[in-house]
Amino acid sequence: MKRKKNLRVYKGLISLGLWLALVGSSKAQIIVNQRNPIIDKVSFSGVVSIDRQDNIYLTDQKNNLHKYDASGKFISTFSPPVLGHIASLEAWNTAKIFLFYDDQQSITFLDRFLAPFSTVRLGDQVDGIIKAASLASDNKIWAFNESNFSLHKIDLQFPEATRTIPLDLILPKQQYDFRFLREYQNKVFLLDKLSGIYVFDNLGTYQKRLPFSGLNYVGFRGDELYYLANNQVHFFHLYTLQERTVDLPTSQNTTTIKQVILGDANMYVINDSALTILPLK
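Residue numbering for the sequence shown follows the numbering used here, starting at 188 and increasing by one per position.
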């Protein structure tokens with residue numbers, strides 16, 4: 188009976204809709220790695236998010252959005268008639284999935300079925316070019332304005348209540364390359380590739396800089412911030428300030444990894460056309 192059950196699971200995995208590698212031991216040995224010739228044509232970008240049910244959201248090079256469950260099973264795709272460049276994606280609020288299109292200077296909200304229900308044109312809210320954006324916990328929008336070097340907290344319901352924080356009065360006068368913005372646990376994290384991560388409270392008051400440079404993306408899990416660097420996942424505790432690392436398995440081709448994202452039980456490694464699932468110990 189056990190052998191028949193394993194065969195049924197094995198056959199089901201063949202149709203997952205992407206490369207799926209399930210790792211079954213602490214040595215991270217890949218036990219399933221099946222190719223689907225249709226889905227292999229999909230080339231993933233590094234824009235990724237995860238929701239509270241560990242569903243994975245990935246964008247491809249054509250800026251379509253694909254949703255998979257925690258086991259890697261394909262669920263659905265969002266492919267709008269007019270495609271734009273998805274610069275950032277947030278799915279922590281499954282009732283309001285957040286897509287920021289930097290080329291269109293707009294934000295699209297999707298429901299949990301990946302159906303769009305609202306679009307915000309940022310030019311109607313603030314003047315200037317928005318380089319990074321994030322959904323706030325109170326349903327407002329954080330936005331970094333590259334034109335006037337400021338941080339906005341945009342109130343869509345009451346535009347006159349929009350807050351603007353001039354960063355040139357707060358941060359050192361130097362070159363910046365801001366790549367990523369995210370609110371988490373009532374903190375706002377603005378990532379500069381050149382000098383690190385600038386942390387603000389949820390009112391926009393500057394607090395500190397985390398010296399993690401050379402990054403394009405950071406994720407959050409529990410009370411830790413994490414990022415991929417030097418073939419390791421680095422963790423930084425937001426309150427104790429302790430750091431730790433987890434090595435990627437030697438079976439992973441680290442030269443092709445686009446991004447790593449963590450769920451409750453698994454680590455998801457995204458390559459060009461592959462999603463590898465590794466258990467967290």
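No residue lacks a Cβ here, since even glycine has one placed at the ideal position from N, Cα and C.
Practice prompt. Take Phe422 and list the residues in its own chain whose beta-carbon comes closer than 6 Å to its own, dropping the five residues that flank it on each side.
Written response: Glu411, Tyr413 and Arg431
Discussion item. So, at 6 Å on beta carbons, what are the nonlocal neighbours of Ser263 in its own chain, with the 5 sequence-adjacent residues on each side left out?
Written reply: Lys254 and Leu301
Item to complete: Tell me, please, whether the segment 233-244 touches the segment 431-441 by the rule of three or more beta-carbon pairs shorter than 8 Å.
Response: no
Worksheet entry | Where Val269 falls, given that 16 or more other Cβ within 10 Å makes a residue buried | exposed
Worksheet entry | Assumed close pair Asp256, His272 - CB separation to whole angstroms, cut-off 8 Å | Not really, about 26 Å apart at Cβ, beyond 8 Å.
Item to complete: Label Leu354 either buried or exposed according to how many other C-beta atoms from any shown protein chain fall within 10 Å of its C-beta, with 16 as the threshold for buried.
Response: buried
Practice prompt. Give the single residue among Gly310, Leu338 and Tyr244 whose Cα lies nearest to the Cα of Leu356.
Written response: Leu338
Worksheet item: Under a Cβ-count criterion, where at least 16 other Cβ atoms within 10 Å of its own Cβ denotes burial, should Tyr390 be classed as buried or exposed?
Response: At residue 390 the sequence reads Leu, which differs from the Tyr that was named. Label assigned to Leu390: exposed.
Worksheet item: Do you know how far the Cα of Arg408 is from the Cα of Gly450?
Response: 7 Å
Worksheet item: Taking the continuous beta strand (DSSP E) assigned at Ile384, which residues delimit it?
Response: Gly383 to Asp388
Fill in: Lys214 burial status per 10 Å Cβ neighbour count (16 or more: buried)
With a pLDDT of 30 at Lys214, under the threshold of 50, the predicted position of this residue should be treated as unreliable, and no value is reported.
Worksheet entry | Length at least 3, wholly inside the segment 298-331: the beta strand (DSSP E) runs in chain order | 303-308 and 317-322
Worksheet entry | CA nearest to the CA of Asp314, picked from Val433, Met454 and Pro346 | Pro346
Worksheet item: Taking the C-alpha atoms as reference points, what is the distance between Gln429 and Phe399?
Response: 14 Å
Worksheet item: In chain order, what residues of the same chain lie with their CB nearer than 7 Å to the CB of Gln248, ignoring the 5 residues before and after it?
Response: Ser230 and Ser232
Discussion item. Assuming contact is defined by CB atoms lying nearer than 8 Å, are Phe367 and Ala319 in contact in what I supplied?
Written reply: yes
Discussion item. Just verifying my parser: in three-state terms, what is the DSSP assignment at Glu430?
Written reply: strand
Discussion item. Lys283 and Phe296 - do their beta-carbons sit closer together than 8 Å?
Written reply: yes
Fill in: Secondary structure, beta strand (DSSP E): runs of 3+ residues fully inside the segment 340-409
350-353, 365-371, 374-379, 383-388, 393-397 and 406-408
Item to complete: Would you mind sorting Gly259 into buried or exposed? The rule is 16 or more other CB atoms within 10 Å of its CB.
Response: buried
Fill in: Residue nearest to Tyr393 in terms of C-alpha spacing, selected from Phe376, Gly406 and Gly401
Phe376
Item to complete: Could you give the DSSP three-state label for Thr246: helix, strand or coil?
Response: strand
Worksheet item: Which residues in the same chain have their Cβ closer than 6 Å to the Cβ of Asn403, if we skip the five residues on either side of it in sequence?
Response: Arg366
Practice prompt. Select from Thr463, Asp311, Gln361 and Ala330 the residue whose C-alpha is nearest the C-alpha of Ile352.
Written response: Ala330
Worksheet item: Between Val307 and Phe287, what straight-line distance do the alpha-carbon atoms span, to the nearest angstrom?
Response: 10 Å
Worksheet item: Between the C-alpha atoms of Ser321 and Met454, what's the straight-line distance to the nearest angstrom?
Response: 23 Å
Item to complete: Since I believe Ser293 is in contact with Leu276 (beta carbons under 8 Å), could you give me their beta-carbon distance rounded to a whole number of angstroms?
Response: Not confirmed; about 14 Å, so no contact.
Item to complete: Could you name the residues that DSSP lists as bridge partners for Ser337?
Response: Asn332 and Pro353
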